[in-house]
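S.K.: In the working numbering, the protein residues as written are 46 to 227. Glycine residues also receive a C-beta, built at the ideal position from the N, C-alpha and C atoms.
What follows is the structure in structure tokens.
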């Protein structure tokens with residue numbers, strides 16, 4: 046089956062965060078007041094284009110959510126800001142959350158696109174209908190996916206996948222037209 050044929054069936058877009066929505070870096074900062082007084086401040090960079098397409102796809106009726114291995118207040122904040130349909134944090138077995146999503150939303154594997162970049166994502170990447178990884182994923186991850194984006198992690202990966210799905214489903218022009226006529 047071609048990428049377009051797979052993308053036509055998608056009703057849900059699920060993704061990892063670190064390495065997909067971010068470039069995978071985690072920056073910790075201690076200011077003069079907090080040194081020795083608890084946890085450092087965590088900083089991550091998110092691409093606004095990814096956020097835009099996540100919000101637009103949700104408005105169009107797609108299920109849009111995240112399964113991430115880390116539990117981060119920064120990621121929780123961004124997930125809530127985008128009003129993701131669901132977001133699982135600290136997931137040690139991503140396939141368990143994937144199966145829960147399928148059950149909760151009555152989805153079939155072929156109706157789910159999953160974007161992941163590393164070994165913990167392989168279980169889901171090998172089950173879902175459209176498996177995707179960023180351009181900078183390891184070669185052994187790329188061997189297990191249907192589509193490798195041209196974008197690197199944190200540089201518009203979700204936007205690229207969202208545009209692809211909307212385009213093959215005939216909805217991208219509708220979204221563009223909405224903003225032209227606004």
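Quick one: Cα of residue 111 to Cα of residue 159, how far?
M.R.: On the chain shown, position 66 is the one that residue 111 refers to. On the chain shown, position 114 is the one that residue 159 refers to. Going by C-alpha positions, residue 111 is about 9 Å away from residue 159.
S.K.: Take residue 168 and list the residues in its own chain whose beta-carbon comes closer than 7 Å to its own, dropping the five residues that flank it on each side.
M.R.: For the purposes of this step, residue 168 is taken as the residue at position 123 of the chain shown. Cβ within range, chain order: 139 and 140.
S.K.: If I measure Cβ to Cβ from residue 213 and keep anything under 6 Å in the same chain, skipping five residues before and after, which residues do I get?
M.R.: Along the chain shown, one-based indexing puts residue 213 at 168. Excluding residues within five positions, the ones whose Cβ falls inside 6 Å are 49, 52 and 53.
S.K.: With a threshold of 7 Å on Cβ separation, who are the neighbours of residue 62 within its own chain once the five nearest residues in sequence on each side are excluded?
M.R.: Sequence index remark: in the chain shown, residue 62 carries index 17 (1-based). Correct list, in chain order: 111, 113 and 120.
S.K.: Note down the Cα distance separating residue 4 from residue 202, rounded to an integer number of angstroms.
M.R.: The structure shown has nothing for residue 4, since the chain only spans 46 to 227.
S.K.: Where does residue 110 fall in DSSP's three states?
M.R.: For the purposes of this step, residue 110 is identified with residue 65 of the chain shown, where counting begins at 1. DSSP places residue 110 in strand when its eight states are reduced to three.
S.K.: Check whether the stretch 169–185 and the stretch 84–98 touch, using three or more Cβ-Cβ pairs below 8 Å as the test.
M.R.: no
S.K.: If you scan the stretch 155–188 from start to end, which runs of the beta strand (DSSP E) of 3 or more residues do you find wholly inside it?
M.R.: 157–160 and 175–178
S.K.: Considering residue 210, what are the terminal residues of the beta strand (DSSP E) in which it resides?
M.R.: Numbered from 1 along the chain shown, position 165 holds the residue referred to as residue 210. First-last for residue 210: 202–213, but that is the alpha helix (DSSP H), not the beta strand (DSSP E).
S.K.: Might you give, ordered along the chain, the residues of its own chain that have their beta carbon closer than 8 Å to the beta carbon of residue 128, omitting 5 neighbours on each side?
M.R.: Against the chain shown, residue 128 aligns to sequence position 83. Answer for residue 128: 100 and 103, listed in chain order.
S.K.: Under three-state DSSP, which class holds residue 91?
M.R.: Working through the chain shown from its first residue, we reach residue 91 at position 46. Reduced to three states, the DSSP call for residue 91 is coil.
S.K.: If we ignore side chains and look at the alpha-carbon of each, how far apart do residue 106 and residue 210 end up?
M.R.: Position 61 of the chain shown, counted from the first residue, corresponds to residue 106. Position 165 of the chain shown, counted from the first residue, corresponds to residue 210. Answer to the nearest angstrom: the Cα atoms are 13 Å apart.
S.K.: Under the DSSP definition of a beta bridge, which residues are partnered with residue 86?
M.R.: Here residue 86 refers to the residue found at position 41 of the chain shown. DSSP lists 74 as partners of residue 86.
S.K.: Taking the alpha-carbon of residue 197 as reference, which of 208, 118 and 178 has the nearest alpha-carbon?
M.R.: As a working note, residue 197 is residue 152 in the chain shown. Closest option to residue 197, Cα to Cα, is 178.
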